[in-house]
Amino acid sequence: MTTPASTPTSTDAPVLVERRGAVTVVTINRPHAANSLDGPTMSGLGRAFAEAESDDAVSVVVLTAAGDRIFCAGMDLKAFLAGGMEVDGPGLDVLTGRVYPKPVVAAVNGTAVGGGLELALACDLLVVSEKARFGLPEVSRGLIAAGGGTRLPRRIPLAHALELGLTGELVDAERVREMGLVNRVVPAAEVLPSALALAERITANGPLALRVTKELMYAEIGDPDRDALAAAVKPVFDSDDAREGARAFAEKRAPHWTGH
364 MTTPASTPTS
374 TDAPVLVERR
384 GAVTVVTINR
394 PHAANSLDGP
404 TMSGLGRAFA
414 EAESDDAVSV
424 VVLTAAGDRI
434 FCAGMDLKAF
444 LAGGMEVDGP
454 GLDVLTGRVY
464 PKPVVAAVNG
474 TAVGGGLELA
484 LACDLLVVSE
494 KARFGLPEVS
504 RGLIAAGGGT
514 RLPRRIPLAH
524 ALELGLTGEL
534 VDAERVREMG
544 LVNRVVPAAE
554 VLPSALALAE
564 RITANGPLAL
574 RVTKELMYAE
584 IGDPDRDALA
594 AAVKPVFDSD
604 DAREGARAFA
614 EKRAPHWTGH
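In this note's numbering, the protein residues as written are 364 to 623.
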């Protein structure tokens, strides 16, 4: 039996939430801004995942995005330059700052780059559109993929991870399947239905067994030192190069790096 949808008061909200039985569907709803992450969007995602975590009736979360072109373009650099990145509540740390206790399926409906790929990496299983592309372009903007991108070697071989992390180039869905990153590559129209079918198959199992199985499997690959990561990242995000990279992107020009 499908639980009635639980949605925000306005469909213009940056994050939409819907219940489908034991599955919560969380949708990034900024197609006009390439589903990029500003403060209100990160706040909304944090609330949605925190609520799903505390709801015993929810066994699985599906994360997707509006439209059929872009899953998430990562940080909203215009908001970054304008100081619009303030987060209300725990924000994305609910999902990316630790191993989220419940299974999460990403329905990647389009291109996932930067923070968008990091969001997908924070999920356990990935169902992706055959038209999607993936990449970590942060280095091309003088930044670091600090929201989980540097943990990519936990998911795929180091050589593949370094290729994505150091070139900043985008690769297609078939390439990431070859790398072993995704579970399904399907036609664009089948992404959400396929992700929901996978999620519903998981919900047939015992909730406690699901949580402990996930916890133990992630324990096998270790937990990163977040203090060391934060210490390494701060000087990069505070650098002149980081500001120059964001300005160059907004102004549609090549950046002029100084190494500072």
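The beta carbon of each residue, even a glycine, is placed where N, CA and C say it ideally should be.
Since this is a predicted model, take the numbers as computed values, not measurements.
Check each candidate in L559, R538 and A376 and name the one with the smallest Cα separation from H395.
The shortest Cα separation from H395 among L559, R538 and A376 belongs to A376.
Taking the C-alpha atoms as reference points, what is the distance between N398 and A522?
Going from the Cα of N398 to the Cα of A522 covers about 29 angstroms.
Once the 5 residues before and after W620 are set aside, which same chain residues still bring their CB inside 6 angstroms of it?
Closer than 6 angstroms at Cβ, skipping near neighbours: D604.
Using a Cβ-Cβ cut-off of 7 angstroms (strictly less than) and excluding sequence neighbours within five positions of A368, which residues of its own chain qualify?
A caution first: A368 carries a pLDDT of 42, below 50, which makes its placement in the model unreliable, though a value can still be read off. Correct list, in chain order: E381 and R382.
Report yes if the C-beta of V424 is less than 8 angstroms from at least one heavy atom of the ligand PLP; otherwise report no.
You won't find the ligand PLP in this model; it holds no ligand whatsoever.
Please state whether DSSP places G498 in a helix, a strand or coil.
Strand at G498.
When you compare only the Cα positions, how much space is there between L379 and G407?
Whole-angstrom Cα-Cα distance: 8 angstroms.
Apart from the five residues on each side of it in sequence, which residues of its chain come closer than 8 angstroms, Cβ to Cβ, to G528?
So the qualifying residues of the chain are L499, V502, A508, G512, T513 and L515.
Alpha helix (DSSP H) containing I565: first to last residue?
Its alpha helix (DSSP H) spans residues V554 to T566.
When burial is assigned at 16 or more other CB atoms within 10 Å of the CB, is M405 buried or exposed?
Buried, since its Cβ has 16 or more Cβ neighbours within 10 Å.
Any idea which residues DSSP pairs C435 with across the strands?
In the DSSP output, where bridge partners are listed per residue, C435 has A475.
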